[in-house]
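Chemist:
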Amino acid sequence: MRGKVRYVLTSSNTSQGFHTFLPELLQGVLKIFVLKGAPGSGKSTFMRLLGESFSEQGYEVELWVSAADPVSPEGVLIPQLKAAVVNGSLSSPIDPRYPGVTGDIIYLGDYGDKLFIQSYSQEIIKLCDAQEKHRRQATMVLKSAAAIKETIKKQAAAYLDLEKVHQVVGQLAEEILEGAPAEKHYFASAVTAEGMINYMDEISCACKKRYVFQGPAGSGKSTAILGLAARAQSKGYSLEYYHCGLEADSIQMIIIRNLEIALVDAGLLELSVKPWDVVIDMSSCLQDYDADELVHESSESLREYETLILEAQQELEQAHRCLKDLKKIYALAMDFEALDNKRLQVRDEITRSS
914 MRGKVRYVLT SSNTSQGFHT FLPELLQGVL KIFVLKGAPG SGKSTFMRLL
964 GESFSEQGYE VELWVSAADP VSPEGVLIPQ LKAAVVNGSL SSPIDPRYPG
1014 VTGDIIYLGD YGDKLFIQSY SQEIIKLCDA QEKHRRQATM VLKSAAAIKE
1064 TIKKQAAAYL DLEKVHQVVG QLAEEILEGA PAEKHYFASA VTAEGMINYM
1114 DEISCACKKR YVFQGPAGSG KSTAILGLAA RAQSKGYSLE YYHCGLEADS
1164 IQMIIIRNLE IALVDAGLLE LSVKPWDVVI DMSSCLQDYD ADELVHESSE
1214 SLREYETLIL EAQQELEQAH RCLKDLKKIY ALAMDFEALD NKRLQVRDEI
1264 TRSS
């Protein structure tokens, strides 16, 4: 019987630049293989095929989806074996803490034709520089978008009654919550070359119950969710935090894994509300608040925010085109048959080490 394959977003292009949760997710993993190599050298194929192989053997597999290229994983985890293979060539480099003991570095450049690559040196330099330029520009635009988003939140936050928020938290805590606490961090959404993508529906649909917090930005949704999370963690529950793709410090969803319960900030996302969902309207925590007036006040800022997100997407599209062209060059230089043999060796080593 095939093991379950779970897809989660582990990185995003945020207002502070590219951010990945791989270092945090690798804590506690006993065996780590770090793939280092140029775009197109076969890192994502290596990880995807390895994940499929373990799934076919009945193991649960977690594929870590990258915002740099949503069709390419940046890591694969086999939880039952406490083993992972990750892309070590991200903008935030990853290295095993104890090379040769708890992890190994695999240099994919060793499987490439260096003379062939050197013949394209000028084109490679041009593409790398252009890709970096577009990424930097995207980050600048996203920083402006985040500032506007904060302005929109403040408009509603001015009416927020925190005492009412704490009452909501207390009531829900009694309803939801009856080992050592554990936590993992992922992204609920990601800013990519394809726009803002999110897997919140797909990730949370397996939960037995979802508490969906609705209301304008600044109405205390994230405050309530974090308050409930703190109580759950104090009782020893295992939590999964799902962060905002634009602002990595902001939480969009928390799953209490032991209870199979999701706490979701619906925000501006199009969420498919299920019959068993519990919807909490956080606008009830706003005092002397005129919904129509607030919509009118924030409409211009919201349009500007959406324009900036689109502009950032266009910059990321340009960066992604450069990435695709780089992949084409490096792929022509690779000995993928030799790399496949190496992948089989890694698979066998992970199996033996279990």
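If you count by the numbering used here, then the sequence shown holds residues 914 to 1267, one letter each, in order. The beta carbon of each residue, even a glycine, is placed where N, CA and C say it ideally should be.
Is the number of C-beta pairs between the stretch 998-1011 and the stretch 1218-1227 that are closer than 8 Å three or more?
Modeler: No, the stretch 998-1011 is not in contact with the stretch 1218-1227.
Chemist: On the three-state DSSP scale, how would you describe R961?
Modeler: Locating residue 961 in the sequence shown gives position 48, where the first residue counts as 1. Helix, per DSSP.
Chemist: Helix, strand or coil: how does DSSP classify A997 here?
Modeler: Counting from 1 along the sequence shown, the entry for residue 997 is found at position 84. Strand at A997.
Chemist: For a test of the three-state rule: what should DSSP assign to D1201, helix, strand or coil?
Modeler: One-based indexing of the sequence shown puts residue 1201 at position 288. Reduced to three states, the DSSP call for D1201 is coil.
Chemist: For K1039 and K1148, what's the separation of their Cα atoms in angstroms?
Modeler: As a first step, residue 1039 must be located in the sequence shown, where it is residue number 126. As a first step, residue 1148 must be located in the sequence shown, where it is residue number 235. In a straight line, the C-alpha of K1039 is about 54 Å away from that of K1148.
Chemist: How long is the line joining the alpha carbons of Y1024 and T1015, rounded to whole angstroms?
Modeler: Here residue 1024 is taken as the residue at index 111 of the sequence shown, counted from 1. Here residue 1015 is taken as the residue at index 102 of the sequence shown, counted from 1. Approximately 24 Å, taken between the alpha carbons.
Chemist: How many angstroms separate the CA atom of L1239 from the CA atom of M1166?
Modeler: Working through the sequence shown from its first residue, we reach residue 1239 at position 326. Working through the sequence shown from its first residue, we reach residue 1166 at position 253. Rounded to the nearest angstrom, the two C-alpha atoms are 36 Å apart.
Chemist: Whose C-beta lies closer than 8 Å to the C-beta of M914 among residues of the same chain, with five residues either side of it excluded?
Modeler: The count along the sequence shown starts at 1 and reaches residue 914 at position 1. Excluding sequence neighbours, M914 sits near G971.
Chemist: Is the stretch 1115-1132 in contact with the stretch 1248-1256, if contact means three or more CB pairs nearer than 8 Å?
Modeler: No, they do not touch.
Chemist: Where P1232 and D1074 are concerned, what is the direct C-alpha to C-alpha distance, given to the nearest angstrom?
Modeler: For the purposes of this step, residue 1232 is taken as the residue at position 319 of the sequence shown. For the purposes of this step, residue 1074 is taken as the residue at position 161 of the sequence shown. Before going further, note that residue 1232 is Ala rather than Pro in the sequence given. Their backbone Cα atoms lie some 44 Å apart in a straight line.
Chemist: Label P1012 either buried or exposed according to how many other C-beta atoms from any shown protein chain fall within 10 Å of its C-beta, with 16 as the threshold for buried.
Modeler: Taking the sequence shown and counting its residues from 1, one reaches residue 1012 at position 99. P1012 should be labelled exposed.
Chemist: On the three-state DSSP scale, how would you describe D1026?
Modeler: Position 113 of the sequence shown, counted from the start, is the residue given in the question as residue 1026. Of the three classes helix, strand and coil, the one that applies to D1026 here is coil, per DSSP.
Chemist: Would G1083 be called buried (16 or more neighbouring beta carbons within 10 Å of its own) or exposed?
Modeler: To locate residue 1083, count along the sequence shown from 1; it is residue 170. G1083 comes out exposed.
Chemist: Hey, quick one: how far does the alpha helix (DSSP H) through E1160 stretch, first residue to last?
Modeler: Along the sequence shown, read from residue 1 onward, the residue named residue 1160 stands at position 247. From DSSP, E1160 is part of no alpha helix (DSSP H); its letter is neither H nor E.
Chemist: Considering only C-alpha positions, which residue in the set V1078, R1049, L1152, L1141 is nearest to T927?
Modeler: Within the sequence shown, residue 927 is the residue found at index 14, counting from 1. The candidate whose alpha carbon is nearest that of T927 is R1049.
Chemist: For a quick check, are the C-beta atoms of S957 and P936 less than 9 Å apart?
Modeler: Looking up residue 957 in the sequence shown gives position 44. Looking up residue 936 in the sequence shown gives position 23. Not in contact: S957 and P936 (Cβ atoms no closer than 9 Å).
Chemist: What number of angstroms, rounded off, separates the C-alpha of V1208 from the C-alpha of S1196?
Modeler: As a first step, residue 1208 must be located in the sequence shown, where it is residue number 295. As a first step, residue 1196 must be located in the sequence shown, where it is residue number 283. Distance between the alpha carbons of V1208 and S1196: 13 Å.
Chemist: Could you check what DSSP says for L976 in three-state terms: helix, strand or coil?
Modeler: Walking along the sequence shown from the start, residue 976 turns up at place 63. Correct three-state label for L976: strand.
Chemist: Run through DSSP, which three-state label would M914 get?
Modeler: Your numbering for residue 914 matches position 1 in the sequence shown. Coil, per DSSP.
Chemist: Report back the beta-carbon spacing between I1089 and L1172 to the nearest angstrom; my notes put them in contact at under 8 Å.
Modeler: Numbered from its first residue, the sequence shown carries residue 1089 at position 176. Numbered from its first residue, the sequence shown carries residue 1172 at position 259. With 8 Å as the limit, I1089 and L1172 qualify as a contact, their Cβ atoms being about 7 Å apart.
Chemist: Which one of R1216, Y1099, T1064, V1186 has the shortest CA to CA distance from H932?
Modeler: Working through the sequence shown from its first residue, we reach residue 932 at position 19. Residue Y1099 is the option with its Cα nearest to H932.
Chemist: Exposed or buried, what is A1119 when buried is set at 16 or more other beta-carbons lying within 10 Å of its beta-carbon?
Modeler: Residue 1119 sits at position 206 when you count from the first residue of the sequence shown. Per the 10 Å Cβ criterion, exposed.
Chemist: What residue from I1174, S1135, L1159 has the CA that sits closest to S1151's CA?
Modeler: Along the sequence shown, read from residue 1 onward, the residue named residue 1151 stands at position 238. It is I1174.
Chemist: Once DSSP output is grouped into helix, strand and coil, what is the label at T1105?
Modeler: Mapped onto the sequence shown, residue 1105 falls at position 192. It is a strand residue.
Chemist: Just grab the DSSP bridge partners of G988 for me.
Modeler: For the purposes of this step, residue 988 is taken as residue 75 along the sequence shown, with counting starting at 1. According to DSSP, G988 bridges with W977, V999.
Chemist: Quick one: give me the first and last residue of the alpha helix (DSSP H) that K1122 is part of.
Modeler: In the sequence shown, residue 1122 corresponds to position 209, counting from 1. That residue, K1122, is in no alpha helix (DSSP H); its beta strand (DSSP E) goes 1122-1127.
Chemist: Given a cut-off of 9 Å, decide if Q993 and E965 are closer than it, judged by their beta-carbon atoms.
Modeler: Position 52 of the sequence shown, counted from the start, is the residue given in the question as residue 965. Position 80 of the sequence shown, counted from the start, is the residue given in the question as residue 993. It is not a contact, given that the beta carbons lie outside the stated cut-off.
Chemist: With DSSP as the reference, identify every bridge partner of Y1154, one or two as the case may be.
Modeler: As a position in the sequence shown, residue 1154 is number 241, starting the count at 1. DSSP output for Y1154 lists H1098, I1167 as bridge partner(s).
Chemist: Please report the residue range of the beta strand (DSSP E) in which F1249 lies.
Modeler: Residue numbering aside, residue 1249 sits at position 336 when the sequence shown is read from its first letter. That residue, F1249, is in no beta strand (DSSP E); its alpha helix (DSSP H) goes 1249-1266.
Chemist: According to DSSP, what are the bridge partners of L948?
Modeler: Locating residue 948 in the sequence shown gives position 35, where the first residue counts as 1. DSSP lists N1000, I1019 as partners of L948.
Chemist: What did DSSP end up calling D1190 once you bin it into helix, strand or coil?
Modeler: Here residue 1190 is taken as the residue at index 277 of the sequence shown, counted from 1. In the structure shown, D1190 sits in coil (DSSP, three-state: anything other than H, G, I, E or B).
Chemist: In terms of alpha-carbon separation, which member of A1069, G953, G988, K1187 lies closest to D1026?
Modeler: Reading the sequence shown from its first residue, position 113 is the one you call residue 1026. Considering only alpha carbons, the answer is G953.
Chemist: Kindly identify the DSSP beta-bridge partner or partners of R919.
Modeler: Start at 1 with the first residue of the sequence shown, and residue 919 comes out as number 6. BP columns for R919 point to E975.
Chemist: Given V1125, which residues of its chain have a CB within under 6 Å of its CB, disregarding the five upstream and five downstream residues?
Modeler: For the purposes of this step, residue 1125 is taken as the residue at position 212 of the sequence shown. Contacts found: V1177, A1179, D1190, V1192.
Chemist: So which of K1062, D1017, K995, A980 has the shortest CA-CA distance to A1101?
Modeler: The residue given as residue 1101 occupies position 188 in the sequence shown. Cα-wise, what sits closest to A1101 is A980.
Chemist: Within the same chain, show all residues whose beta-carbon is closer than 7 Å to that of V1054, passing over the 5 residues directly before and after it, in chain order.
Modeler: Here residue 1054 corresponds to residue number 141 of the sequence shown, with the count starting at 1. Here the set comprises L1221, E1224, A1225, E1228.
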